[in-house]
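**Student:**
There are 2 protein chains.
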Amino acid sequence: MGKSYTIEITDNCAGLAEVDGFSLAGVACDIRNKNDFNRLDLALIKLDRPCAAAGVFTTNDVKAAPVLTDIAHLSLTQTISAIVANSGNANACTGGEGLRDAAETCAKVAGAIGCEKHQVLVCSTGRIGERLPMEKISKGIAEAAACAAPTKENGLKAASAILTSDTKIKVVCAQVLCNGRMFRIAGMAKGAGMIEPNMATMLCFIGSDADASQSTIKQALSYAVGKSFNRITIDGDMSTNDTVLAVCSAKSGVKVEPSTEEFEAFREALTKVCRELARKIVADGERITKVVETRVRGAKSPEQAEKICRAICNSLLVKSSWYGSDPNWGRLADAAGYARTGLDFSKMDLFYDEVPVLIKGEAQAQNKALWKSVVSKKEFVITMDLNLGDFEESLLTTDLSEAYVDFNKGE
Amino acid sequence: MGKSYTIEITDNCAGLAEVDGFSLAGVACDIRNKNDFNRLDLALIKLDRPCAAAGVFTTNDVKAAPVLTDIAHLSLTQTISAIVANSGNANACTGGEGLRDAAETCAKVAGAIGCEKHQVLVCSTGRIGERLPMEKISKGIAEAAACAAPTKENGLKAASAILTSDTKIKVVCAQVLCNGRMFRIAGMAKGAGMIEPNMATMLCFIGSDADASQSTIKQALSYAVGKSFNRITIDGDMSTNDTVLAVCSAKSGVKVEPSTEEFEAFREALTKVCRELARKIVADGERITKVVETRVRGAKSPEQAEKICRAICNSLLVKSSWYGSDPNWGRLADAAGYARTGLDFSKMDLFYDEVPVLIKGEAQAQNKALWKSVVSKKEFVITMDLNLGDFEESLLTTDLSEAYVDFNKGE
Numbered sequence: 001m002g003k004s005y006t007i008e009i010t011d012n013c014a015g016l017a018e019v020d021g022f023s024l025a026g027v028a029c030d031i032r033n034k035n036d037f038n039r040l041d042l043a044l045i046k047l048d049r050p051c052a053a054a055g056v057f058t059t060n061d062v063k064a065a066p067v068l069t070d071i072a073h074l075s076l077t078q079t080i081s082a083i084v085a086n087s088g089n090a091n092a093c094t095g096g097e098g099l100r101d102a103a104e105t106c107a108k109v110a111g112a113i114g115c116e117k118h119q120v121l122v123c124s125t126g127r128i129g130e131r132l133p134m135e136k137i138s139k140g141i142a143e144a145a146a147c148a149a150p151t152k153e154n155g156l157k158a159a160s161a162i163l164t165s166d167t168k169i170k171v172v173c174a175q176v177l178c179n180g181r182m183f184r185i186a187g188m189a190k191g192a193g194m195i196e197p198n199m200a201t202m203l204c205f206i207g208s209d210a211d212a213s214q215s216t217i218k219q220a221l222s223y224a225v226g227k228s229f230n231r232i233t234i235d236g237d238m239s240t241n242d243t244v245l246a247v248c249s250a251k252s253g254v255k256v257e258p259s260t261e262e263f264e265a266f267r268e269a270l271t272k273v274c275r276e277l278a279r280k281i282v283a284d285g286e287r288i289t290k291v292v293e294t295r296v297r298g299a300k301s302p303e304q305a306e307k308i309c310r311a312i313c314n315s316l317l318v319k320s321s322w323y324g325s326d327p328n329w330g331r332l333a334d335a336a337g338y339a340r341t342g343l344d345f346s347k348m349d350l351f352y353d354e355v356p357v358l359i360k361g362e363a364q365a366q367n368k369a370l371w372k373s374v375v376s377k378k379e380f381v382i383t384m385d386l387n388l389g390d391f392e393e394s395l396l397t398t399d400l401s402e403a404y405v406d407f408n409k410g411e
Numbered sequence: 001m002g003k004s005y006t007i008e009i010t011d012n013c014a015g016l017a018e019v020d021g022f023s024l025a026g027v028a029c030d031i032r033n034k035n036d037f038n039r040l041d042l043a044l045i046k047l048d049r050p051c052a053a054a055g056v057f058t059t060n061d062v063k064a065a066p067v068l069t070d071i072a073h074l075s076l077t078q079t080i081s082a083i084v085a086n087s088g089n090a091n092a093c094t095g096g097e098g099l100r101d102a103a104e105t106c107a108k109v110a111g112a113i114g115c116e117k118h119q120v121l122v123c124s125t126g127r128i129g130e131r132l133p134m135e136k137i138s139k140g141i142a143e144a145a146a147c148a149a150p151t152k153e154n155g156l157k158a159a160s161a162i163l164t165s166d167t168k169i170k171v172v173c174a175q176v177l178c179n180g181r182m183f184r185i186a187g188m189a190k191g192a193g194m195i196e197p198n199m200a201t202m203l204c205f206i207g208s209d210a211d212a213s214q215s216t217i218k219q220a221l222s223y224a225v226g227k228s229f230n231r232i233t234i235d236g237d238m239s240t241n242d243t244v245l246a247v248c249s250a251k252s253g254v255k256v257e258p259s260t261e262e263f264e265a266f267r268e269a270l271t272k273v274c275r276e277l278a279r280k281i282v283a284d285g286e287r288i289t290k291v292v293e294t295r296v297r298g299a300k301s302p303e304q305a306e307k308i309c310r311a312i313c314n315s316l317l318v319k320s321s322w323y324g325s326d327p328n329w330g331r332l333a334d335a336a337g338y339a340r341t342g343l344d345f346s347k348m349d350l351f352y353d354e355v356p357v358l359i360k361g362e363a364q365a366q367n368k369a370l371w372k373s374v375v376s377k378k379e380f381v382i383t384m385d386l387n388l389g390d391f392e393e394s395l396l397t398t399d400l401s402e403a404y405v406d407f408n409k410g411e
């Protein structure tokens, strides 16, 4: 039986401005304290009326003030009126003062647009351990609230204002046709492996004109994040500020409830949007030269597959060899082995794209030239088959370049 | 009550040649197939008679043929007559043929010196996935057996023959005086983070003239390895070949049995020897510029302390900032947090050497210049106090340099 819905994805779009119900703004208020008002650094997402929202947050023990604030607000309310996000300062490791600054940021937005303070969510990314410049933030909020509009230009400005070391904006839009009715899901994100010069934070904001409740959004979002943002790794570090928020304006009138075709379509489109944004984040990783998808299949359990994926993708030796276009399968086998999941090397198959590297633990040296040509590409796929079971996981990652180290060595 | 023993450590020595009962050789047999007979690549440690021995091996799921061979041999015998080790080829991921090559290597040594084949242990380090050049190995064994001698020159030659990308030999000797009687423990090692150009293998051979049984040696060795080689990390990778072997010739006549002062002295001296060799391995890590000891104290459990230590020491962002002499405490707090052990940032103290960086989660910014001067040094200590309990662990590690990536990028 075919699906009763179609999903069309495009990244030639203006992010959340593509979706009915969302007004946007991106303004420059010099949060970096560099007297640079050329750089947009505060984004506002404003809803016409309170809308259902849900979030997924970093599981780091050290959570930044805006993360703690949003978790608290979403436990108080099912609907929100605005999201405010700044780049340049993470408001992380800032103690009680940081929490007060985050609360004041929400209060300023609430005052400017006329809503309850806890119906505002706040995100920050950038330097850690420094107080937010609240006077500048306040001015920025006033300006953003005044100019917020559902225009493409403003959608692009908002997508730009959340960037740190990203080299480009990351937006994507899905148009879903289900049982003859249309709704949209759009997203904007900023990247991981971003350290300007401090933190690797991933932020993502998603808007839809579908009509879904907080719990329905939460359910679909948790699934989508598990299949996308939790399946990428650049340097293995997880930030104090990582946040994904999704809001539904209901403007399309399409009702999305669990166990319906609409829900299936919504969840799949949301997953596609998140996957596309995740891919953009990896491809724009700091000073990377390659994007590598690592698939581990034939595992005894999903956990085994994931552990091995992560060991491979976070191995400095593996990543360095990719950087050098060196088809060094020994490092892959070694990393898979030290995940200590109980694999059997004599059963292992390995492929670079479609080219056999190992069959049952035996190197297919006749393919050596082909191995090299695969790992010399800018994008390729590593497939490791453990031949132990039926489970599979994959992870998208990058190489490790000298420039990465140079870029991250700091002061 | 004071200790009834003294331990004197020196690295100005000839390794195992300092200990009665050990004959040594290091010969060149061009295992790298480069027509280079200038480079020593096969070491032989020969005992006057079968001596008690024990080993600690990699826990990688993918174990190289010599590791599997040694584990099998040590389950068959309590005493050994020789250890043979080669550099240049790891005999790893070589399947049944690799196991036969390892067995044949042992058989050749047994034939040359006159002992049972299972009384020979074998170690290999170097390229992965390639067959050992058995003809060259055989010639090398014959030569080594013929010239093995208990001389300092041969001790240094053996220590040299096991090196791969190490820049210097690593030897140390402990002289122990216990209840008026003397015994010695000496060791030689090659480094981790060694990839020439394939694998990161750590090998260590220890010889003593104490009189201890296999199980006594095993007990002391497991303890010593836990306090030394398992407390270092350069790139977090664990090799298929990592091996530590210890042999006791009994020539001193000093009996070492559990629950005696002699055992306490033996275990402590063995631990010191291993720690000193571990420190040499880290300091000689590939293209590193800094050695950093990370201590986590005030933990709820040893596991929490160790997890946080490892998260910090394996963070690319932390290691990159050390390389740049950037006192970036935010990355340390972030890494500690994503170990997800349940820490409370508002209780965390952090010190660079003795300089306070954080006190109860508050940055001590007045010390900024001092932070910088500490992390600019070639060696420094990071102390993180979680203030949650009484447990402590430490780890010795390095920075991550651009040259590391360049060196490891391979072909």
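Note that the protein sequences, when read in sequence, are chains A and B. Just so it is clear: in the first sequence, position 211 is 211 by my numbering, and no numbers are missing. Just so it is clear: in the second sequence, position 294 is 294 by my numbering, and no numbers are missing. Glycine included, every Cβ here is placed at the ideal spot set by N, Cα and C.
If you compare alpha carbons, which of ILE382(A), LEU221(A), ALA246(A) and GLU257(A) is closest to VAL424(A)?
**Tutor:** Outside the shown range of chain A (1 to 411) lies residue 424(A), about which nothing can therefore be said.
**Student:** Consider the Cβ of ARG231(B): report whether some Cβ of chain A lies at a distance smaller than 8 Å.
**Tutor:** Locating residue 231(B) in the second sequence gives position 231, counting from the first residue. Chain A, which has no Cβ nearer than 8 Å to the Cβ of ARG231(B), makes this no.
**Student:** Less than 8 Å between the beta carbons of PHE229(B) and VAL244(B), yes or no?
**Tutor:** As a first step, residue 229(B) is located in the second sequence; it is residue number 229 there, counting from the start. As a first step, residue 244(B) is located in the second sequence; it is residue number 244 there, counting from the start. In contact: PHE229(B) and VAL244(B) (Cβ atoms closer than 8 Å).
**Student:** Name, please, each residue of chain E whose Cβ falls closer than 8 Å to the Cβ of TYR323(A).
**Tutor:** In the structure shown, chain E does not exist; the protein chains are A and B.
**Student:** If we require 3 or more residues per run, which beta strand (DSSP E) segments fall completely within the stretch 136 to 177 of chain B?
**Tutor:** Here no run is fully enclosed.
**Student:** Beta-carbon of LEU388(B) versus every beta-carbon of chain A: anything under 8 Å?
**Tutor:** Numbered from 1 along the second sequence, position 388 holds the residue referred to as residue 388(B). Not closer than 8 Å to any Cβ of chain A, the Cβ of LEU388(B) fails to qualify, so no.
**Student:** Say whether the stretch 343 to 354 of chain A touches the stretch 12 to 26 of chain B, bearing in mind that this needs 3 or more beta-carbon pairs closer than 8 Å, one atom from each stretch.
**Tutor:** no
**Student:** Please name the residues in the stretch 354 to 373 of chain A whose beta-carbon is closer than 7 Å to at least one beta-carbon of chain B, in chain order.
**Tutor:** GLY361, GLU362 and ALA363
**Student:** Specify whether the stretch 207 to 222 of chain B and the stretch 284 to 299 of chain B touch according to this definition: at least 3 beta carbon pairs, one from each stretch, less than 8 Å apart.
**Tutor:** The stretch 207 to 222 of chain B is not in contact with the stretch 284 to 299 of chain B.
**Student:** When the Cα atoms are used, what is the spatial distance from ILE7(A) to LEU163(A)?
**Tutor:** Counting from 1 along the first sequence, the entry for residue 7(A) is found at position 7. Counting from 1 along the first sequence, the entry for residue 163(A) is found at position 163. Approximately 28 Å, taken between the alpha carbons.
**Student:** Counting pairs of beta carbons, one from the stretch 53 to 65 of chain B and one from the stretch 93 to 102 of chain B, are three or more of them closer than 8 Å?
**Tutor:** yes
**Student:** Near SER320(A), what residues of its chain come up, given a Cβ to Cβ distance below 8 Å and the 5 sequence neighbours on each side ignored?
**Tutor:** In the first sequence, the residue the question calls residue 320(A) occupies position 320. Cβ within range, chain order: ASP399 and LEU400.
**Student:** Show which residues of chain B have a CB atom less than 7 Å away from the CB atom of ALA238(A).
**Tutor:** Residue 238(A) sits at position 238 when you count from the first residue of the first sequence. Residue identity check: residue 238(A) is Met in the sequence provided, not Ala. Those are TYR338, listed as they occur along chain B.
**Student:** Straight-line CA distance for CYS51(A) to SER249(A)?
**Tutor:** Sequence index remark: in the first sequence, residue 51(A) carries index 51 (1-based). Sequence index remark: in the first sequence, residue 249(A) carries index 249 (1-based). Each residue's alpha carbon lies about 5 Å from the other.
**Student:** At the level of alpha carbons, what is the spacing between TRP371(B) and GLY111(A)?
**Tutor:** Translated into the one-based positions of the second sequence, residue 371(B) becomes position 371. Translated into the one-based positions of the first sequence, residue 111(A) becomes position 111. For TRP371(B) and GLY111(A), the distance between alpha carbons rounds to 42 Å.
**Student:** From ARG267(A) to GLU104(A), what distance separates their C-alpha atoms?
**Tutor:** Taking the first sequence and counting its residues from 1, the one referred to as residue 267(A) is at position 267. Taking the first sequence and counting its residues from 1, the one referred to as residue 104(A) is at position 104. Rounded to whole angstroms, ARG267(A) to GLU104(A) spans 34 Å at the Cα level.
**Student:** Relative to the C-alpha of ASP353(A), which candidate in TYR338(A), LYS377(A), GLU362(A) and ARG340(A) has its C-alpha closest?
**Tutor:** Stepping through the first sequence from its first residue, residue 353(A) is reached at position 353. Distances from the CA of ASP353(A) to each of TYR338(A), LYS377(A), GLU362(A) and ARG340(A) were compared; the closest alpha carbon is that of LYS377(A).
**Student:** Helix, strand or coil, according to DSSP, for MET278(B) in the structure here?
**Tutor:** Against the second sequence, residue 278(B) aligns to sequence position 278. Strictly speaking, residue 278(B) in this sequence is Ala, with Met absent from that position. Three-state DSSP puts ALA278(B) in a helix.
**Student:** If you measure from the beta carbon of CYS93(B) to each beta carbon in chain A, is any gap under 8 Å?
**Tutor:** If you number the second sequence from 1, residue 93(B) lands on position 93. Cβ-Cβ to chain A under 8 Å: yes for CYS93(B).
**Student:** Distance, Cα to Cα, PRO150(B) vs ARG231(B)?
**Tutor:** In the second sequence, residue 150(B) corresponds to position 150, counting from 1. In the second sequence, residue 231(B) corresponds to position 231, counting from 1. Taking the straight line joining both Cα atoms gives about 32 Å.
**Student:** So ASN154(A) packs on ALA25(A), CB below 8 Å; how close in whole Å?
**Tutor:** Counting from one through the first sequence, the residue named residue 154(A) turns up at place 154. Counting from one through the first sequence, the residue named residue 25(A) turns up at place 25. Right, the Cβ-Cβ distance comes to about 6 Å (below 8 Å), so this counts as a contact.
**Student:** Roughly how many whole angstroms lie between the Cα atoms of ASP30(B) and LYS136(B)?
**Tutor:** If you number the second sequence from 1, residue 30(B) lands on position 30. If you number the second sequence from 1, residue 136(B) lands on position 136. ASP30(B) and LYS136(B): Cα-Cα distance of roughly 7 Å.
**Student:** Does the beta carbon of GLY191(B) sit closer than 8 Å to a beta carbon anywhere in chain A?
**Tutor:** Counted from its first residue, the second sequence places residue 191(B) at position 191. It does not: the Cβ of GLY191(B) has no partner Cβ on chain A nearer than 8 Å.
**Student:** Of all the CB atoms in chain A, is at least one closer than 8 Å to the CB of LEU435(B)?
**Tutor:** Outside the displayed range of chain B (1 to 411) lies residue 435(B), so it cannot be described from this structure.
**Student:** Keeping to the same chain, check which residues put their C-beta closer than 6 Å to that of ILE9(B); ignore five residues upstream and five downstream.
**Tutor:** By one-based count along the second sequence, residue 9(B) stands at place 9. Taken in chain order, the residues that qualify are ALA174 and LYS272.
**Student:** For GLU354(B), name the three-state secondary structure that DSSP assigns.
**Tutor:** Reading the second sequence from its first residue, position 354 is the one you call residue 354(B). The answer is coil: DSSP assigns GLU354(B) none of H, G, I, E or B.
**Student:** Among the residues of its own chain, which have a CB less than 6 Å from the CB of ASP385(B), if the five just before and after it don't count?
**Tutor:** Along the second sequence, one-based indexing puts residue 385(B) at 385. Here the set comprises ARG297, GLY298 and ASP349.
**Student:** For SER213(A), which residues in chain B fall below 7 Å Cβ to Cβ?
**Tutor:** For the purposes of this step, residue 213(A) is taken as the residue at position 213 of the first sequence. Chain B residues near SER213(A): none, gap ~30 Å exceeds 7 Å.
**Student:** Is there contact here, the stretch 75 to 93 of chain A with the stretch 32 to 43 of chain A, by at least three beta-carbon pairs under 8 Å?
**Tutor:** yes
**Student:** Suppose you measure from the CA of SER301(A) to the CA of LEU388(B); what does that come to, to the nearest Å?
**Tutor:** Here residue 301(A) corresponds to residue number 301 of the first sequence, with the count starting at 1. Here residue 388(B) corresponds to residue number 388 of the second sequence, with the count starting at 1. LEU388(B) has its alpha-carbon roughly 35 Å from the corresponding atom of SER301(A).
**Student:** Sorted by chain position, which residues of the same chain lie with C-beta nearer than 6 Å to LYS117(B)'s C-beta, five sequence neighbours on each side aside?
**Tutor:** To locate residue 117(B), count along the second sequence from 1; it is residue 117. Non-local beta-carbon contacts of LYS117(B) in its own chain, meaning distances under 6 Å to residues more than five positions away in sequence, involve CYS106, ALA107 and ALA110 in chain order.
**Student:** Provide the residue span of the alpha helix (DSSP H) that contains LEU316(A), from first to last.
**Tutor:** Position 316 of the first sequence, counted from the first residue, corresponds to residue 316(A). Residues 316 to 323.
**Student:** Using 10 angstroms around the beta-carbon of ILE141(B), count the other beta-carbons present and answer buried if the total reaches 16, otherwise exposed.
**Tutor:** Walking along the second sequence from the start, residue 141(B) turns up at place 141. Result: buried.
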